[in-house]
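Residue numbers (the numbering used here): 138 to 334.
Just so you know, even glycine gets a beta-carbon here, dropped at the ideal spot from N, CA and C.
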């Protein structure tokens with residue numbers, strides 16, 4: 138039987154210097170909550186009753202139907218982070234992304250629906266504070282707040298982490314198209330959300 142190698146061997150493969158990052162560089166990567174841009178119209182579904190919500194764009198461009206909505210921290214190498222608050226019973230309509238999306242409940246209770254594309258059935262899971270779900274790419278998902286948007290009185294906040302360097306636009310379920318069109322909401326030729334009166 139051979140003698141095991143000492144634990145101190147091979148350190149040369151596991152030690153490296155830090156990349157440059159000045160205080161100014163790091164300060165550009167700090168998002169104080171009061172400075173995070175927020176929009177109640179980041180997506181086309183927000184014009185449809187039951188899908189009202191406010192999106193706080195923290196890190197990276199993520200996905201949005203509003204090209205003027207910019208994040209607090211623009212540098213995002215491989216992921217994007219948003220905070221979401223919504224009135225009780227409201228949240229995103231069924232949609233999917235080409236990358237995975239992780240939802241982490243910061244506060245309150247949230248329901249997440251998804252469609253099993255093999256069976257066409259919709260399923261629901263209820264999540265509480267610090268619960269996390271990772272939704273695979275191209276699986277329709279929706280979410281809604283069970284406790285409302287009054288954070289000072291037990292309302293909810295959901296954190297969305299979206300994978301990918303430059304995520305593609307959202308793909309919506311057919312059921313949203315019909316409801317949104319009936320209200321005059323849709324897209325212009327550039328793919329931006331618009332509502333015609």
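If I'm right that residue i touches residue j with Cβ under 8 Å, what's the distance once you round it to whole angstroms?
{"i": "residue 209", "j": "residue 195", "result": "6 Å"}
{"i": "residue 239", "j": "residue 298", "result": "4 Å"}
{"i": "residue 247", "j": "residue 280", "result": "6 Å"}
{"i": "residue 320", "j": "residue 182", "result": "About 10 Å separates the two Cβ atoms, so there is no contact after all."}
{"i": "residue 206", "j": "residue 159", "result": "With 8 Å as the limit, residue 206 and residue 159 do not qualify as a contact, their Cβ atoms being about 28 Å apart."}
{"i": "residue 293", "j": "residue 284", "result": "5 Å"}
{"i": "residue 274", "j": "residue 232", "result": "Rounded, the Cβ-Cβ distance is 12 Å, inconsistent with contact."}
{"i": "residue 307", "j": "residue 180", "result": "7 Å"}
Taking C-alpha atoms, which residue in the options lies nearest to residue i?
{"i": "residue 228", "options": "271, 282, 313", "result": "282"}
{"i": "residue 243", "options": "198, 218, 172", "result": "218"}
{"i": "residue 226", "options": "241, 301, 308, 186", "result": "186"}
{"i": "residue 346", "options": "272, 266, 191", "result": "Residue 346 lies beyond the residue range present for the chain, which begins at 138 and ends at 334; the question has no answer from this structure."}
{"i": "residue 276", "options": "237, 268, 295", "result": "237"}
{"i": "residue 289", "options": "180, 323, 245, 308", "result": "245"}
{"i": "residue 105", "options": "267, 309, 278", "result": "Outside the modelled stretch of the chain, which goes from 138 to 334, sits residue 105, for which no answer is possible."}
{"i": "residue 216", "options": "333, 306, 302", "result": "302"}
{"i": "residue 310", "options": "250, 149, 190", "result": "250"}
{"i": "residue 323", "options": "213, 178, 269, 292", "result": "178"}
{"i": "residue 278", "options": "317, 230, 315, 285", "result": "230"}
{"i": "residue 197", "options": "191, 184, 214", "result": "214"}
{"i": "residue 212", "options": "166, 327, 270, 146", "result": "166"}
{"i": "residue 315", "options": "147, 190, 184", "result": "184"}
{"i": "residue 286", "options": "149, 329, 317, 193", "result": "193"}
{"i": "residue 190", "options": "151, 224, 163", "result": "224"}
With DSSP run on the structure shown, which of helix, strand or coil describes residue i?
{"i": "residue 315", "result": "helix"}
{"i": "residue 172", "result": "helix"}
{"i": "residue 219", "result": "strand"}
{"i": "residue 192", "result": "strand"}
{"i": "residue 289", "result": "helix"}
{"i": "residue 181", "result": "helix"}
{"i": "residue 161", "result": "helix"}
By DSSP's criteria, residue i is part of a beta bridge. Which residues make up the other side?
{"i": "residue 249", "result": "262, 280"}
{"i": "residue 269", "result": "241"}
{"i": "residue 297", "result": "219, 240"}
{"i": "residue 309", "result": "232"}
{"i": "residue 323", "result": "331"}
Quick one: does the C-beta of residue i sit closer than 7 Å to a heavy atom of the ligand MG?
{"i": "residue 211", "result": "In the structure on display, the ligand MG does not appear, and there are no ligands present to speak of."}
Quick check: the region 245 to 261 against the region 192 to 206, are there 3 or more CB pairs under 8 Å?
-> no
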